[in-house]
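Using the working numbering, the first residue of the sequence shown is number 26, and each one after it goes up by one.
All residues carry an ideal CB built from backbone N, CA and C; glycine is no exception.
Some notes on the structure that comes next.
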Amino acid sequence: LFDDCWNPEPHIGPQPAPVPGVHNSQWLQSPGPAVANDPVAWGRLEDYVTDIVGRFAEDERILAWDLYNEPGNRGQNSKSLPLLKAVFAWARAARPSQPLTAGVWSRIEVLNALQLAESDIISFHNYNDADSLIAQIAGLKKHGRPVICTEWMRRPISTVETHLAIFKRERVGCYNWGLVSGKTQTIYGWRSEPGGPEPPEWFHDLLRPDGTPFDPGEIALFREATASP
Numbered sequence: 026l027f028d029d030c031w032n033p034e035p036h037i038g039p040q041p042a043p044v045p046g047v048h049n050s051q052w053l054q055s056p057g058p059a060v061a062n063d064p065v066a067w068g069r070l071e072d073y074v075t076d077i078v079g080r081f082a083e084d085e086r087i088l089a090w091d092l093y094n095e096p097g098n099r100g101q102n103s104k105s106l107p108l109l110k111a112v113f114a115w116a117r118a119a120r121p122s123q124p125l126t127a128g129v130w131s132r133i134e135v136l137n138a139l140q141l142a143e144s145d146i147i148s149f150h151n152y153n154d155a156d157s158l159i160a161q162i163a164g165l166k167k168h169g170r171p172v173i174c175t176e177w178m179r180r181p182i183s184t185v186e187t188h189l190a191i192f193k194r195e196r197v198g199c200y201n202w203g204l205v206s207g208k209t210q211t212i213y214g215w216r217s218e219p220g221g222p223e224p225p226e227w228f229h230d231l232l233r234p235d236g237t238p239f240d241p242g243e244i245a246l247f248r249e250a251t252a253s254p
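As structure tokens, this is what we get:
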């Protein structure tokens with residue numbers, strides 16, 4: 026429902042077109058630091074959370090509520106703690122049947138502590154190598170709750186070939202970034218420059234816009250992993 030990642034000044038109305046070649050060039054924070062850091066402006070945020078969560082509180086199509094993406098990103102750091110705490114309280118007050126979570130992603134300990142304490146299921150991001158993933162999963166499992174990775178895969182460091190088997194072996198759910206190459210332009214790296222050609226090795230994404238795979242071998246591994254218990 027909220028997000029501290031990427032561009033800090035969201036606005037209502039027509040949005041600018043993506044900058045060719047730039048990773049996530051128009052991705053926006055929500056609500057943005059001007060509102061996130063001003064509790065006086067939170068009335069509409071509370072209404073938003075309680076309306077959305079309350080409306081779908083019994084909806085079986087919803088696996089969980091991931092309340093806040095990467096709190097503290099873009100220099101927010103611990104300034105996001107009050108809003109993060111409030112979002113958990115607002116969502117829980119709506120009495121959802123589904124679990125609440127907010128993914129651990131950084132080394133900002135004060136935020137991690139709250140996220141781990143308040144989350145009904147533990148979620149996390151990991152774009153690092155296989156050894157890092159194995160270690161993080163082991164640490165998070167100590168909390169005794171289900172574990173889901175809500176962001177992973179950045180070629181060539183975090184890949185389907187190196188990481189998918191780990192998730193399956195550890196019985197950890199995983200959402201890789203992303204599916205189809207499109208407006209987010211995340212086939213390019215985090216620090217890509219405008220106007221660059223399609224990279225020979227994509228950073229994220231699995232499929233081209235016509236549905237064909239960037240790497241057929243990756244799709245074969247997904248099919249293999251999901252075909253058996």
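Taking the alpha-carbon positions, what's the residue 228 to residue 140 distance? Rounded to the nearest angstrom, the two C-alpha atoms are 28 Å apart.
Just to confirm the assignment, what range does the alpha helix (DSSP H) spanning residue 205 have? Unbroken run through residue 205: none, as it is neither H nor E.
Could you check whether residue 124 and residue 82 sit closer than 8 Å to each other, using their CB atoms as the reference points? no
Based on DSSP bridge pairs, tell me the residues matched to residue 53. 32
Buried or exposed for residue 134, please, with buried defined as at least 16 other CB atoms from any protein chain shown within 10 angstroms of its CB. exposed
With 16 other Cβ atoms within 10 Å as the buried cut-off, status of residue 37: exposed
Kindly indicate the opening and closing residues of the beta strand (DSSP E) around residue 149. DSSP places residue 149 in the uninterrupted beta strand (DSSP E) bounded by 147-150.
When the Cα atoms are used, what is the spatial distance from residue 138 to residue 178? 25 Å
From this set, 55, 42, 43, which residue's C-alpha is nearest residue 35's C-alpha? 55
I'd like the list of long-range same chain contacts for residue 204, defined as Cβ closer than 8 Å, with 5 residues on each side in sequence excluded. Excluding positions up to five away in sequence, the list reads 230, 231, 232.
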